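Undergrad: Mapping of the sequence shown onto UniProt numbering: position 99 corresponds to residue 99, and the numbering continues sequentially without gaps.
Backbone N, C-alpha and C define an ideal beta-carbon position, used for all residues, glycine too.
The structure displayed is predicted, hence computed values, not measured ones.
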Amino acid sequence: MLFYDEDHCISVAVVPPFVIERSNWVTADAFDLAPLEGMLAYDSTVCALYAHAGRTVVGIVRGGGRDGDHGDGEGSEVCGEIVRTGVQAKHTKGGWSQRRFERGRDQDVEYHIMKVQEKLQSMMDDPVEMIIAGGDLSLTRKMLAGTKVPVIEKRVDVDGNPEDIAIKVVWAGRLYRL
Numbered sequence: 001m002l003f004y005d006e007d008h009c010i011s012v013a014v015v016p017p018f019v020i021e022r023s024n025w026v027t028a029d030a031f032d033l034a035p036l037e038g039m040l041a042y043d044s045t046v047c048a049l050y051a052h053a054g055r056t057v058v059g060i061v062r063g064g065g066r067d068g069d070h071g072d073g074e075g076s077e078v079c080g081e082i083v084r085t086g087v088q089a090k091h092t093k094g095g096w097s098q099r100r101f102e103r104g105r106d107q108d109v110e111y112h113i114m115k116v117q118e119k120l121q122s123m124m125d126d127p128v129e130m131i132i133a134g135g136d137l138s139l140t141r142k143m144l145a146g147t148k149v150p151v152i153e154k155r156v157d158v159d160g161n162p163e164d165i166a167i168k169v170v171w172a173g174r175l176y177r178l
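#1: Quick check: E81 and R62, are their CB atoms within less than 9 angstroms of each other?
#2: Can you give me the C-alpha to C-alpha distance between R161 and R177, rounded to a whole angstrom?
#3: Look up A51 in the DSSP assignment and give the residues it is bridged to.
#4: From P16 to L144, what does the alpha carbon distance come to, in whole angstroms?
#5: Could you pull the start and end residues of the alpha helix (DSSP H) that I20 belongs to?
#6: Can you tell me where the beta strand (DSSP E) holding I167 begins and where it ends?
#7: Using the Cα positions of H8 and P35, report the straight-line distance between them to the nearest angstrom.
#8: Going along the chain, which residues of its own chain have a beta-carbon closer than 7 angstroms to the beta-carbon of L137, five neighbours each way excluded?
#9: Between which two residues does the alpha helix (DSSP H) carrying G38 extend?
#10: Using the rule of at least 16 other Cβ atoms within 10 Å of the residue's Cβ for burial, across every protein chain shown, is residue 180 buried or exposed?
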């Protein structure tokens, strides 16, 4: 979403947390924030996936949009879990031992992907409207291969406990000054 005025005093681009469903433009004396406000009032169930080899956060976020307060002052209902497996760090030396090491690491990564897929299936018993993925996006694509749920990929760098990570991945947006 682009916002700018004729005098170029205000020029910003906003990348909202969810997909922009329609495109239009308006010339007015004030910024039309209705599309952004509507998007921030999102009140559905979303799966968050923040993937890294050996440590992946899987979370479910229900509601919590701009007006999604459930009466408890907290907003979103969130559950998050960490899937941990033993994946060796990358090897930088050359030769035969590096190739042998890489084969073992590849097997570790495949095992991690399988464990994350199992966790995703168990956490998505209730239907989710979409999956929002962050972290190592090439790894998330492997984890989500074959899924029929729409996926949004985000380049985010977050930390914290599993619930915090899930919330940050789902609600992350970007603001650019032009």
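TA: Answer, in terms of the structure:
#1: Counted from its first residue, the sequence shown places residue 81 at position 81. Counted from its first residue, the sequence shown places residue 62 at position 62. Against a cut-off of 9 angstroms, the Cβ pair of R62 and E81 comes out as no contact.
#2: Taking the sequence shown and counting its residues from 1, one reaches residue 161 at position 161. Taking the sequence shown and counting its residues from 1, one reaches residue 177 at position 177. Checking the displayed sequence, the identity of residue 161 turns out to be Asn instead of Arg. Going by the C-alpha atoms only, they are around 31 angstroms apart.
#3: Against the sequence shown, residue 51 aligns to sequence position 51. For A51, which the question treats as bridged, DSSP gives the partners G135.
#4: Reading the sequence shown from its first residue, position 16 is the one you call residue 16. Reading the sequence shown from its first residue, position 144 is the one you call residue 144. If I take the Cα positions, the gap works out to 23 angstroms.
#5: The count along the sequence shown starts at 1 and reaches residue 20 at position 20. Segment: none, I20 is in no alpha helix (DSSP H) and carries neither H nor E.
#6: Looking up residue 167 in the sequence shown gives position 167. Element bounds for I167: not the beta strand (DSSP E) but the alpha helix (DSSP H), P162 to W171.
#7: As a first step, residue 8 must be located in the sequence shown, where it is residue number 8. As a first step, residue 35 must be located in the sequence shown, where it is residue number 35. One C-alpha to the other measures close to 22 angstroms.
#8: Stepping through the sequence shown from its first residue, residue 137 is reached at position 137. Apart from sequence neighbours up to five positions away, the residues of its chain that approach L137 with a beta-carbon distance below 7 angstroms are E153, ordered along the chain.
#9: Position 38 of the sequence shown holds residue 38. In the DSSP assignment, G38 falls within the unbroken alpha helix (DSSP H) covering A34 to L40.
#10: For residue 180 there is no data in the structure shown, the boundaries of the chain being 1 and 178.
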